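Protein chains in written order, with the numbering used here: chain A, 38 to 376; chain B, 38 to 376.
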């Protein structure tokens with residue numbers, strides 16, 4: 038992939054390789070990427086360096102999940118011929134641009150970033166905030182701009198990151214006296230964040246409320262059986278609630294037949310439709326969705342050499358693209374470009 | 038230069054290319070480096086990235102001084118065949134190691150670094166502290182360790198930087214489960230910081246009290262004439278004070294004949310030795326020292342292609358050495374090393 042014409046949209050997304058990807062990733066982002074790769078040049082970054090920003094003392098956790106995530110991508114249908122999948126730590130330009138951008142962003146500006154503020158609180162960092170974590174919005178701006186991405190699929194909690202990136206683009210371009218870096222726009226996902234199977238707002242491995250893309254038939258069965266519905270819906274004949282009912286949230290997210298889901302919802306609210314029946318419908322839908330994903334994933338994860346080979350190919354392409362941006366920035370700053 | 042045996046000392050020093058080097062640099066560091074290059078493998082880093090940490094908005098100031106500093110090095114006798122002179126921004130491993138080290142250093146730890154604390158105060162940063170400036174001790178640790186340097190010539194105000202580097206070495210090595218990074222020791226300069234010609238504690242271009250290595254005969258003459266002595270020494274026959282008398286501080290720093298300086302000091306303190314005579318002695322000594330430096334410098338700075346060529350050669354060597362360290366760190370962390 039050569040430098041894309043500036044009129045063409047370029048997509049960048051990515052994941053921190055902190056564990057296997059799950060249904061939440063699929064609903065919120067992965068299936069959108071499968072669609073996007075047919076329309077635009079797309080880069081997907083396995084963000085191992087960013088994964089280390091809050092796992093600095095357990096690098097093995099990040100290292101062992103790089104190929105797990107790679108296998109997840111291929112299994113859901115990300116096509117390495119259409120999408121450039123690459124590894125953050127293999128791309129020196131990303132670190133170099135981060136170093137350059139850090140000089141035009143104040144510490145108080147990064148600290149004011151609402152996403153970072155929230156995450157610092159959630160993760161319970163106070164005196165123990167790693168410098169790398171504080172800096173990661175700048176590193177993300179380096180990622181986005183290095184690829185010349187102008188469309189960035191994110192959740193709405195990530196909008197402040199896009200804003201911060203555009204601030205950096207604006208400052209850098211005015212320093213460089215040329216529009217070297219591209220402004221970017223968030224592509225918000227159609228599906229809002231998928232809740233955990235227990236009804237908690239967020240799917241998270243540490244809460245044990247996820248369903249990975251590798252989940253076995255039995256795991257899917259157990260997850261759906263245990264799924265949170267309407268605790269007030271005691272008899273089948275009782276009217277049931279849809280709001281906060283995870284089974285219906287998942288049916289909305291994954292069932293291919295919207296009319297059928299609408300019908301079920303009406304029936305459930307009216308009374309006369311049992312939880313068991315709804316769960317059966319959902320389980321069938323999830324089994325159908327995940328069976329081929331699981332099968333492909335098993336095949337891929339068994340061939341780590343192939344996975345690493347593909348990741349290397351993508352990273353080489355990405356290296357070329359990101360070096361172009363780095364060289365343009367360095368030249369703009371007047372720094373020698375030696376090799 | 039290949040990987041030096043671990044028993045061999047390796048030296049790293051450097052300068053931020055924020056202006057031409059001056060007599061203060063010469064007395065405090067450059068002449069020591071000329072001696073050291075005969076004894077040990079030595080790297081000198083033109084720290085343009087670090088220069089940008091507090092010049093983020095005026096990159097042209099840093100860019101235009103890179104070759105000025107290179108010319109200064111050659112002019113004082115740094116020999117590129119013995120010393121590897123290299124450019125920080127040309128060495129991606131330094132940025133990449135900085136990114137990795139940032140995850141094991143907390144924000145509060147960097148802020149506690151007394152050198153950084155002082156400098157933040159001196160430079161009047163408060164709400165406007167650039168992130169890159171806060172992070173620069175970690176970047177310096179990346180520099181030192183990337184070269185495998187175990188001897189670092191610094192002023193005593195820089196000792197906290199060495200301490201912080203060794204903390205990072207300790208943490209990284211324990212994460213890597215192998216002594217991949219080398220601990221380092223400060224080499225304190227024999228000469229303490231040279232005062233400005235006006236008697237101010239620090240030579241600094243912004244105070245206009247420096248004498249650059251490129252100073253003309255006339256500039257040297259004027260600087261010595263204007264030099265601060267003992268304001269109480271009104272008549273030649275009066276006893277004069279040596280303490281705080283810049284002429285004697287400079288004679289101590291630069292006169293080759295220590296006995297003669299000792300004799301002059303005794304005579305001055307006793308009374309009967311005039312300021313003019315002392316200044317003549319100093320001027321002669323500085324003219325002798327700087328004339329060949331100035332001549333060589335003029336020749337070198339006229340040939341920027343040659344300067345850039347030498348800097349490129351050094352940077353290529355340095356690239357190999359620093360990549361070795363980066364690869365060892367990545368392997369130790371379990372991260373893929375792709376190319």
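The C-beta atom is built at its ideal place from N, Cα and C for all residues, glycine as well. As the structure is a computational prediction, the values presented were derived from the model and not from experiment.
Proximity test, Cβ basis, 9 Å: residue i and chain B
{"i": "residue 100(A)", "result": "yes"}
{"i": "residue 153(A)", "result": "no"}
{"i": "residue 255(A)", "result": "no"}
{"i": "residue 216(A)", "result": "no"}
{"i": "residue 56(A)", "result": "no"}
{"i": "residue 356(A)", "result": "yes"}
{"i": "residue 321(A)", "result": "no"}
{"i": "residue 82(A)", "result": "no"}
{"i": "residue 86(A)", "result": "yes"}
{"i": "residue 147(A)", "result": "yes"}
Proximity winner among the options, relative to residue i (alpha-carbon distances)
{"i": "residue 356(B)", "options": "52(B), 74(B), 180(B)", "result": "180(B)"}
{"i": "residue 196(A)", "options": "299(A), 152(A), 237(A), 76(A)", "result": "152(A)"}
{"i": "residue 226(A)", "options": "65(A), 200(A), 369(A)", "result": "65(A)"}
{"i": "residue 269(A)", "options": "254(A), 257(A), 311(A), 303(A)", "result": "311(A)"}
{"i": "residue 178(A)", "options": "157(A), 164(A), 202(A), 170(A)", "result": "202(A)"}
{"i": "residue 286(B)", "options": "275(B), 302(B), 296(B)", "result": "302(B)"}
{"i": "residue 323(A)", "options": "292(A), 305(A), 341(A), 73(A)", "result": "292(A)"}
{"i": "residue 119(B)", "options": "256(B), 73(B), 113(B), 160(B)", "result": "73(B)"}
{"i": "residue 305(A)", "options": "161(A), 49(A), 271(A)", "result": "271(A)"}
{"i": "residue 61(A)", "options": "211(A), 207(A), 232(A)", "result": "232(A)"}
{"i": "residue 348(A)", "options": "155(A), 96(A), 110(A), 63(A)", "result": "110(A)"}
{"i": "residue 278(A)", "options": "294(A), 246(A), 315(A)", "result": "315(A)"}
{"i": "residue 333(B)", "options": "81(B), 112(B), 78(B), 192(B)", "result": "112(B)"}
{"i": "residue 157(B)", "options": "145(B), 170(B), 146(B)", "result": "170(B)"}
Closer than 9 Å to chain A by CB, residue i
{"i": "residue 207(B)", "result": "no"}
{"i": "residue 367(B)", "result": "yes"}
{"i": "residue 164(B)", "result": "yes"}
{"i": "residue 302(B)", "result": "no"}
{"i": "residue 234(B)", "result": "no"}
{"i": "residue 203(B)", "result": "no"}
{"i": "residue 124(B)", "result": "yes"}
{"i": "residue 175(B)", "result": "yes"}
{"i": "residue 291(B)", "result": "no"}
{"i": "residue 108(B)", "result": "no"}
{"i": "residue 170(B)", "result": "yes"}
Neighbour list for residue i in chain A, Cβ cutoff strictly below 7 Å
{"i": "residue 345(B)", "result": "373"}
{"i": "residue 349(B)", "result": "375"}
{"i": "residue 93(B)", "result": "140, 141"}
Cβ-based neighbour list, residue i, same chain, cut-off 7 Å, excluding 5 preceding and 5 following
{"i": "residue 56(A)", "result": "102, 242"}
{"i": "residue 368(A)", "result": "374"}
{"i": "residue 328(A)", "result": "none"}
{"i": "residue 276(A)", "result": "306, 307, 308"}
{"i": "residue 160(A)", "result": "91"}
Spatial neighbours of residue i in its chain, beta-carbon cut-off 6 Å, leaving aside the 5 residues before and after
{"i": "residue 360(A)", "result": "130"}
{"i": "residue 99(A)", "result": "54, 85, 88, 89, 92"}
{"i": "residue 338(B)", "result": "108"}
{"i": "residue 288(B)", "result": "298, 319"}
{"i": "residue 83(A)", "result": "54, 103, 106, 124"}
{"i": "residue 266(A)", "result": "282, 284, 312"}
{"i": "residue 364(A)", "result": "374"}
{"i": "residue 260(A)", "result": "234, 248"}
{"i": "residue 52(B)", "result": "106"}
Bridge partners - residue i, DSSP secondary structure assignment
{"i": "residue 220(A)", "result": "Partner(s): none; residue 220(A) has no beta bridge."}
{"i": "residue 79(A)", "result": "48(A), 120(A)"}
{"i": "residue 313(B)", "result": "Paired residue(s): none; residue 313(B) is not in a bridge."}
{"i": "residue 189(B)", "result": "223(B)"}
{"i": "residue 247(A)", "result": "In DSSP, residue 247(A) forms no bridge with anything."}
{"i": "residue 167(A)", "result": "143(B)"}
Other residues of its chain near residue i: CB distance less than 8 Å, five sequence neighbours each side excluded
{"i": "residue 187(A)", "result": "46, 47, 219, 220, 221, 222"}
{"i": "residue 205(A)", "result": "138, 141, 142, 175, 178, 182, 218"}
{"i": "residue 366(A)", "result": "134, 137, 209, 213, 217, 218"}
Residues that residue i contacts on chain B, provided the C-beta gap is smaller than 7 Å
{"i": "residue 51(A)", "result": "Going along chain B, no residue has its Cβ under 7 Å from residue 51(A), so there is no contact; the nearest lies around 16 Å."}
{"i": "residue 184(A)", "result": "Correct list: empty, because the minimum Cβ distance to chain B is about 17 Å."}
Cross-chain neighbours of residue i in chain B, by beta carbon under 8 Å
{"i": "residue 167(A)", "result": "139, 140, 141, 142, 143, 144"}
{"i": "residue 90(A)", "result": "139, 140"}
{"i": "residue 129(A)", "result": "129, 130, 132, 133"}
Chain B residues whose Cβ lies nearer than 9 Å to that of residue i
{"i": "residue 135(A)", "result": "132, 135, 136"}
{"i": "residue 97(A)", "result": "370, 371"}
{"i": "residue 353(A)", "result": "375, 376"}
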